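Here's the structure we're looking at; comments come further down.
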Amino acid sequence: MLTRYIARQLNCQVSRCLALGLGLVLSLMLAGQVAAADLMDNQDLAVAPELAELGNSATRAVIDQQGDEHQASISQSGEGLVGIIAQLGNGNEAFITQEGIEMIAYISQDGFSNLASITQHGAYNQASITQHGADNSARIEQSGEGLHGSITQHGSGQNIEVTQYQ
């Protein structure tokens, strides 16, 4: 599972578990500050200046990619934010934007030419997208407090959007 792989790569200790949708369990809290060089283990990792600035606000951004021609970005403004992107295969695109406090966004893609985006505004929101296959598209947009959204897709050529407002 990609979340276990990321946890091993970052030498994480489990200090909180959050269940997101269809049984996806995301367990992550870094044991300490991690330098950007530790996170960038291949040449096609997206440029992410946020990775170099893991401050005291417990905000975390992690991008892990294996394969070719991936695109990924995480943009965060606030405190207590966690954004994780894990991509396997080729030509996948993933984007996370978070503005607020105490939110988690997780994107996992395994396959080819998949597109995923999560946009969160507010507080205490959780969102996850998991895609396996090719040419899939998924988007979650959340604005409010305490919202939970999850998308899981297997196969090819599927498209889904979830919009949550409060």
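With mature numbering (1 follows the signal peptide of the UniProt record, and there is no 0) applied, the sequence shown corresponds to residues -36 to -1, 1 to 130, in that order. We put the beta carbon where it would ideally sit given N, CA and C, even for glycine. Keep in mind the model is a prediction, meaning the values are calculated, not measured.
Per-residue burial, residue i [other beta carbons within 10 Å of its own, 16 or more giving buried]
| i | result |
| --- | --- |
| residue 6 | Because the pLDDT at residue 6 is just 38, under 50, the model does not fix this residue reliably, and the value given afterwards should be weighed accordingly. Exposed is the call here. |
| residue 41 | exposed |
| residue 119 | exposed |
CA-to-CA distance, residue j to residue i, given in whole angstroms
| i | j | result |
| --- | --- | --- |
| residue 112 | residue 74 | 23 angstroms |
| residue 126 | residue 80 | 12 angstroms |
| residue 142 | residue 38 | This structure cannot speak to residue 142, because the chain is shown only from -36 to 130. |
| residue 108 | residue 23 | 19 angstroms |
| residue 121 | residue 100 | 5 angstroms |
| residue 65 | residue 30 | 30 angstroms |
Three-state secondary structure (DSSP) of residue i
| i | result |
| --- | --- |
| residue 22 | coil |
| residue 111 | coil |
| residue 32 | strand |
| residue 119 | strand |
Residue j beta carbon less than 8 angstroms from that of residue i
| i | j | result |
| --- | --- | --- |
| residue 98 | residue 77 | yes |
| residue 28 | residue 50 | yes |
| residue 84 | residue 117 | no |
| residue 87 | residue 104 | no |
Run of the beta strand (DSSP E) containing residue i, from where it starts to where it stops
| i | result |
| --- | --- |
| residue 79 | 79 to 87 |
| residue 35 | 35 to 54 |
| residue 74 | 57 to 76 |
| residue 130 | First-last for residue 130: undefined, no H or E at that position. |
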